[in-house]
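Sequential numbering of the sequence shown, starting at 579, is according to the numbering used here. Reviewing the structure listed below.
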Amino acid sequence: MSDISTDYISKELLVKAMAGLGTLVEQALLHPYETMSSSVEDDLVLMNPNNSDERIAFNHKNGIWQQAQIDSNCAGTWTTSVSTAIKQRYWLFEQQQKMIEAGWDTGIAELEDGAIEVHAFPKWAQPRSLH
579 MSDISTDYIS
589 KELLVKAMAG
599 LGTLVEQALL
609 HPYETMSSSV
619 EDDLVLMNPN
629 NSDERIAFNH
639 KNGIWQQAQI
649 DSNCAGTWTT
659 SVSTAIKQRY
669 WLFEQQQKMI
679 EAGWDTGIAE
689 LEDGAIEVHA
699 FPKWAQPRSL
709 H
């Protein structure tokens, strides 16, 4: 699923996709050692809860939430894995939203590794446990 291509259009879904992956703040600096006079705050910044120097930022431009450019030499394991998780979770939440709009009941299951699954059931069917 790592080859998913998606545009982050919905702030609500993006925030939902980042939930539980780190500490989310609005209007913060991507690079914590920059001063306000030399930098512009990013719209959304997700920080590693164990190392606040590791951050991913998103800015709203032209109707799309764009991930701030991170120098690949500076991107650590957390940044890389969380960026992939956000993309996958956002895509799944988009699919869930489409299923709801099409009249399906849905549920979310979070796996031990933090991945999520979307379960969908016709409105007339009684949901049953899949595990």
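Yeah, the Cβ is synthetic: ideal placement off N, Cα and C, and Gly gets one too.
Item to check | Continuous alpha helix (DSSP H) stretch holding I664: start and end | outcome: As a first step, residue 664 is located in the sequence shown; it is residue number 86 there, counting from the start. Per DSSP, I664 belongs to the alpha helix (DSSP H) from T655 to E679.
Checklist entry - Hey, is the stretch 620-634 in contact with the stretch 599-608, meaning 3+ C-beta pairs nearer than 8 Å? => result Proximity of the stretch 620-634 to the stretch 599-608 meets the contact definition, three or more beta-carbon pairs being nearer than 8 Å.
Checklist entry - When every heavy atom of the ligand FAD is checked, does at least one fall within less than 7 Å of the C-beta of W656? => result This structure simply doesn't include the ligand FAD, nor any ligand for that matter.
Item to check | Coarse secondary structure for L624, derived from DSSP in three states | outcome: Indexing the sequence shown from 1 puts residue 624 at position 46. Strand, per DSSP.
Checklist entry - Per DSSP, N637 forms a beta bridge with which residues? => result Against the sequence shown, residue 637 aligns to sequence position 59. Answer is Q644, bridged to N637.
Item to check | Neighbourhood of I587 by C-beta, 8 Å cutoff - its chain only, sequence neighbours within 5 removed | outcome: The sequence position of residue 587 within the sequence shown is 9, counting from 1. Closer than 8 Å at the Cβ level, and outside the excluded window around I587, lie G641, I642 and W643.
Checklist entry - Q674 and V696 look like a contact to me (Cβ under 8 Å); what is the Cβ gap, rounded to whole Å? => result Residue mapping note: residue 674 aligns to position 96 of the sequence shown, counting from 1. Residue mapping note: residue 696 aligns to position 118 of the sequence shown, counting from 1. Rounded, the Cβ-Cβ distance is 5 Å, consistent with contact.
Item to check | Coil, strand or helix - L602 by DSSP | outcome: Working through the sequence shown from its first residue, we reach residue 602 at position 24. In the three-state DSSP reduction, L602 falls in the strand class (E or B).
Item to check | Bounding residues of the alpha helix (DSSP H) (the contiguous stretch that carries E590) | outcome: For the purposes of this step, residue 590 is taken as the residue at position 12 of the sequence shown. For E590, the enclosing alpha helix (DSSP H) stretches over residues K589 to M596.
Next on the checklist: Looking only at its chain, what residues have a beta carbon closer than 6 Å to the beta carbon of A687, apart from the 5 residues adjacent to it on each side?
Outcome noted: Taking the first residue of the sequence shown as 1, we reach residue 687 at position 109. Closer than 6 Å at Cβ, skipping near neighbours: E695.
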